[in-house]
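Numbering (my numbering), first residue to last: 20 to 158.
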């Protein structure tokens, strides 16, 4: 895996992967040109675990219609401002979902499959909760 970041102006950088995918990152506190690098890390965490959970729920033939993962993070007060705590909320939609299957999928992602989570867990305490906005689950 190869990535690079090129300075564009001020605190704005264009990051690029070897496949040519790009994202603009903005280190300025206003973040008018894109997410900060730390916000991008949180976005990567939410995306990584989402990929796992969707794949597992599909294999379990769960009738989910939506998944949204959000993260709230706390950072150290002084540099380096690493994440110290991250709380993830998994909002899973669908009628007739098995709570057991959904919670097993989330647990597998957190403890076995999500490389971003496992890497961040070395520095930050990561907690999570599962919400069911449709409210119709079994078990």
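Backbone N, C-alpha and C define an ideal beta-carbon position, used for all residues, glycine too.
These figures come from a predicted structure and were not determined experimentally.
Inset, instruction - With a 10 Å radius around its C-beta and 16 neighbouring C-beta atoms as the bar for buried, classify residue 128 as buried or exposed. - result: Result: buried.
Legend entry - Closest residue to residue 69 among 126, 143, 138 (Cα-Cα distance): Among 126, 143, 138, the Cα nearest to that of residue 69 belongs to 126.
Legend entry - Coil, strand or helix - residue 131 by DSSP: Residue 131 falls in the helix class under three-state DSSP.
Legend entry - Cα-Cα separation, residue 27 to residue 33: Going by C-alpha positions, residue 27 is about 7 Å away from residue 33.
Inset, instruction - Mind checking which residues open and close the beta strand (DSSP E) that includes residue 92? - result: DSSP places residue 92 inside the beta strand (DSSP E), whose first and last residues are 85-94.
Inset, instruction - Quick one: give me the first and last residue of the alpha helix (DSSP H) that residue 79 is part of. - result: Bounds of any alpha helix (DSSP H) do not take in residue 79, whose DSSP letter is neither H nor E.
Legend entry - Beta-carbon contacts of residue 147 that lie in its chain and below 8 Å, excluding the five residues immediately before and after: The answer, listed in chain order, is 106, 107, 108, 109, 125, 129.
Legend entry - For residue 94, the nearest candidate out of 57, 138, 132, 37 (CA to CA): Measuring from the Cα of residue 94, the nearest candidate turns out to be 57.
Inset, instruction - Return the CA-CA distance between residue 156 and residue 118, expressed in angstroms with no decimal places. - result: Residue 156 and residue 118: Cα-Cα distance of roughly 6 Å.
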